[in-house]
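K.L.:
Sharing a structure with you now.
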Amino acid sequence: MNLSLRKVALAAGCLMFAGQLLAADPSKEPKRPECIAPASPGGGFDLTCKLAQSALVNQKLLTKPMRVTYMPGGVGAVAYNAVVAQRPADAGTLVAWSSGSLLNLAQGKFGRFDESAVRWLAAVGTSYGAIAVKSDSPYKTLDDLVQALKKDPGSVVIGSGGTVGSQDWMQTALIAKAAGINPRDLRYVALEGGGEIATALLGGHIQVGSTDISDSMPHIQSGDMRLLAVFAEKRIDEPEMKDIPTAKEQGYDIVWPVVRGFYLGPKVSDEDYAWWKDAFDKLLASEEFAKLRDQRELFPFAMTGPELDTYVKKQVADYKVLAKEFGLIQ
Numbered sequence: 350m351n352l353s354l355r356k357v358a359l360a361a362g363c364l365m366f367a368g369q370l371l372a373a374d375p376s377k378e379p380k381r382p383e384c385i386a387p388a389s390p391g392g393g394f395d396l397t398c399k400l401a402q403s404a405l406v407n408q409k410l411l412t413k414p415m416r417v418t419y420m421p422g423g424v425g426a427v428a429y430n431a432v433v434a435q436r437p438a439d440a441g442t443l444v445a446w447s448s449g450s451l452l453n454l455a456q457g458k459f460g461r462f463d464e465s466a467v468r469w470l471a472a473v474g475t476s477y478g479a480i481a482v483k484s485d486s487p488y489k490t491l492d493d494l495v496q497a498l499k500k501d502p503g504s505v506v507i508g509s510g511g512t513v514g515s516q517d518w519m520q521t522a523l524i525a526k527a528a529g530i531n532p533r534d535l536r537y538v539a540l541e542g543g544g545e546i547a548t549a550l551l552g553g554h555i556q557v558g559s560t561d562i563s564d565s566m567p568h569i570q571s572g573d574m575r576l577l578a579v580f581a582e583k584r585i586d587e588p589e590m591k592d593i594p595t596a597k598e599q600g601y602d603i604v605w606p607v608v609r610g611f612y613l614g615p616k617v618s619d620e621d622y623a624w625w626k627d628a629f630d631k632l633l634a635s636e637e638f639a640k641l642r643d644q645r646e647l648f649p650f651a652m653t654g655p656e657l658d659t660y661v662k663k664q665v666a667d668y669k670v671l672a673k674e675f676g677l678i679q
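Next comes the structure, spelled out in structure tokens:
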């Protein structure tokens, strides 16, 4: 995933695949398509929307790029409630979601609406959680950080997307638990997604960012940031990631995938839902999309329709068990 090679591969891919799929039927495609990123610009939701924005036009599944708009608040809660309550039948509105969205749903953080309130459309890739520090941080390993937390849990300011119970919080809570530290003693600053975490970390407002590897890589490549650990099963076999150690290899058995995808409003018609599902099925099967996904530091995870709905419901149930373990819900 070398940047220069990506550009060559992307250009070649566009030429090769542009004519292979039939152009979308303008009479059937949704009017004024829009992708809502439920956070500030620059984070994982933004990345997810822009991936679909590029891919759907490149594959001629949409005739014009859909707009990307931002609706921060509650790490997805504001957008979820707005779509369910105010735009339930709008076939042109996709909303980005992640595993963090499902964790928040499991804890009832999206208000009166649960995981059955929307139509889960597609999962298009996965990233992995990560612990980030500035390049000049005194913490060189995950254990360096853990020892500092053991000595004085409140001495390290940790930035996370969302408040207590968010997936970023959960990542550090799992580390704390493994180290015998009470997660409630850690000092958190709640931020709105990966973009704000990176800004706060590089600006010196926090000392550690609990984030994910996709959000972090631009800053890793610029030399401004380091990752103490990635929460993957094993080291990621990519040139710019292969030297990033996993938490597991450092003695902390924690794996946290961050699946990313899209949902639609609950009253979107079956016909419109089927149009989008077919579009994403074609997209996810194409080599061109694989290159675009790779360019954005995401890894393969493809699921649509009823299969995805089943996956989401199971994940929410599993997250409820985890949330109870940490005393986040009764």
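Note that this note's numbering numbers the sequence shown so that position 60 is 409, with each residue one more than the last. Virtual Cβ for every residue (Gly too), placed ideally from N, Cα, C.
Reducing DSSP to helix, strand and coil, say where Thr521 ends up.
P.N.:
helix
K.L.:
Measure the beta-carbon distance from Glu646 to Met566 and round it to whole angstroms, keeping in mind my assumption that it falls under 8 Å.
P.N.:
5 Å
K.L.:
Rounded to whole angstroms, what is the Cα-Cα separation between Asp534 and Ala525?
P.N.:
Distance between the alpha carbons of Asp534 and Ala525 is about 9 Å.
K.L.:
Does the Cβ of Lys626 have 16 or more other Cβ atoms within 10 Å, making it buried, or fewer, making it exposed?
P.N.:
buried
K.L.:
How many Å lie between Asn430 and Pro382 at the Cα?
P.N.:
Whole-angstrom Cα-Cα distance: 19 Å.
K.L.:
What is the DSSP secondary structure of Phe462, reduced to helix, strand or coil?
P.N.:
Reduced to three states, the DSSP call for Phe462 is coil.
K.L.:
Just list the beta strand (DSSP E) runs in the region 603–671, keeping only unbroken ones of 3 residues or longer that don't cross its boundaries, in chain order.
P.N.:
606–613
K.L.:
Answer yes if the region 543–557 comes into contact with the region 401–408, meaning at least three C-beta pairs across the two stretches below 8 Å, and no otherwise.
P.N.:
Judged by Cβ distances under 8 Å, the region 401–408 makes no contact with the region 543–557, as fewer than three pairs qualify.
K.L.:
Taking only three categories from DSSP, how would you classify Glu383?
P.N.:
strand
K.L.:
Is the beta carbon of Thr521 less than 8 Å from the beta carbon of Ser559?
P.N.:
yes
K.L.:
Measuring only the C-alpha atoms, how far is Glu589 from Ile569?
P.N.:
9 Å
K.L.:
Just to confirm the assignment, what range does the beta strand (DSSP E) spanning Met574 have?
P.N.:
In the DSSP assignment, Met574 falls within the beta strand (DSSP E) that extends over 574–579.
K.L.:
Can you tell me whether Thr418 is buried or exposed? The criterion is at least 16 other CB atoms within 10 Å of its CB, across all chains shown.
P.N.:
Counting Cβ neighbours within 10 Å, Thr418 comes out exposed, since fewer than 16 surround it.
K.L.:
Check this for me: beta carbons of Pro379 and Gly425, under 8 Å apart or not?
P.N.:
Gly425 is positioned such that its CB atom lies no closer than 8 Å to that of Pro379.
K.L.:
Please report the straight-line C-alpha distance between Thr475 and Phe638, rounded to a whole angstrom.
P.N.:
14 Å
K.L.:
Enumerate in chain order the residues of its own chain whose CB-to-CB distance from Leu452 is below 6 Å, with the five nearest sequence positions on each side excluded.
P.N.:
Gln516, Tyr668
K.L.:
Excluding the five sequence neighbours on either side, which residues of its own chain have a C-beta within less than 8 Å of the C-beta of Val503, listed in chain order?
P.N.:
Val is not the amino acid found at residue 503; the sequence shown has Gly there. Answer for Gly503: Asp534, Leu535, Arg536, listed in chain order.
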